[in-house]
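>
Numbering (my numbering), first residue to last: 422 to 466.
(1) To the nearest angstrom, how far is it from the Cα of residue 460 to the Cα of residue 452?
(2) Please report the distance separating the alpha-carbon of residue 448 from that of residue 434.
(3) Just to confirm, is the Cβ distance from residue 455 to residue 446 under 8 Å?
(4) Run through DSSP, which three-state label would residue 431 get?
Laid out in structure tokens, this is it:
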């Protein structure tokens with residue numbers, strides 16, 4: 422890879438490619454999404 426393209430790639434903004442959904446949404450939204458998609462959760466609250 423050329424020096425110019427290497428510097429260009431290193432300068433690009435980085436993103437999160439691997440993110441676990443647990444802890445990233447409020448419990449109320451989790452229950453709402455489960456209900457909407459007919460998913461039985463292993464807990465009620």
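Every residue, glycine too, gets a C-beta built ideally from N, C-alpha and C.
Just so you know, these numbers come straight off a predicted model, no measurement behind them.
Reading from the atomic positions:
(1) The residue you call residue 460 lines up with position 39 of the chain shown. The residue you call residue 452 lines up with position 31 of the chain shown. Using only the alpha carbons, I get a separation of about 9 Å.
(2) Position 27 of the chain shown, counting from 1, holds the residue named residue 448. Position 13 of the chain shown, counting from 1, holds the residue named residue 434. Using only the alpha carbons, I get a separation of about 31 Å.
(3) Locating residue 455 in the chain shown gives position 34, counting from the first residue. Locating residue 446 in the chain shown gives position 25, counting from the first residue. No, the pair does not count as a contact, with Cβ atoms beyond the cut-off.
(4) By one-based count along the chain shown, residue 431 stands at place 10. Of the three classes helix, strand and coil, the one that applies to residue 431 here is helix, per DSSP.
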